[in-house]
Amino acid sequence: DESQAYYRLKLQGSDLDNPDQRIAQDTGQFTHAVLEFTVTVLQAVIVILTQSGMLISISWELFLFVVGYSLFMNLVTFGVFGGRLTSTQRAVLGQEASF
Numbered sequence: 009d010e011s012q013a014y015y016r017l018k019l020q021g022s023d024l025d026n027p028d029q030r031i032a033q034d035t036g037q038f039t040h041a042v043l044e045f046t047v048t049v050l051q052a053v054i055v056i057l058t059q060s061g062m063l064i065s066i067s068w069e070l071f072l073f074v075v076g077y078s079l080f081m082n083l084v085t086f087g088v089f090g091g092r093l094t095s096t097q098r099a100v101l102g103q104e105a106s107f
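As numbered in our numbering, residues 9 to 107 make up the sequence shown, in order.
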């Protein structure tokens, strides 16, 4: 019976303590992270739209230059640091999973 899985784990000497509380905490953290991400993306979209409107009202060429420059610099940064940071993050996650 799946409803007694915790008790079977406890009898086997597992170190799990109160898994219901852990699941509830993980769910709360996940919900908070998703909500925070959504709010951050919406704020960024609003800022981009307002700033773009101001730049276009000043100069269309300036707007195109800023967009092009930001795209170019993002590609350069990702190309230079992206691979190294990804491999470093995987190594850290591997070490953390060992504990």
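Positions of the beta carbon are idealized from the N, C-alpha and C atoms, including for glycine.
Same chain, Cβ closer than 7 Å to residue i, five either side skipped, listed in chain order
i   : result
L70 : L63
S60 : F71
Rounded straight-line distance, which links the Cα of residue j to that of residue i
i    : j   : result
S106 : A99 : 11 Å
G76  : Q33 : 43 Å
L50  : T58 : 12 Å
G90  : F45 : 21 Å
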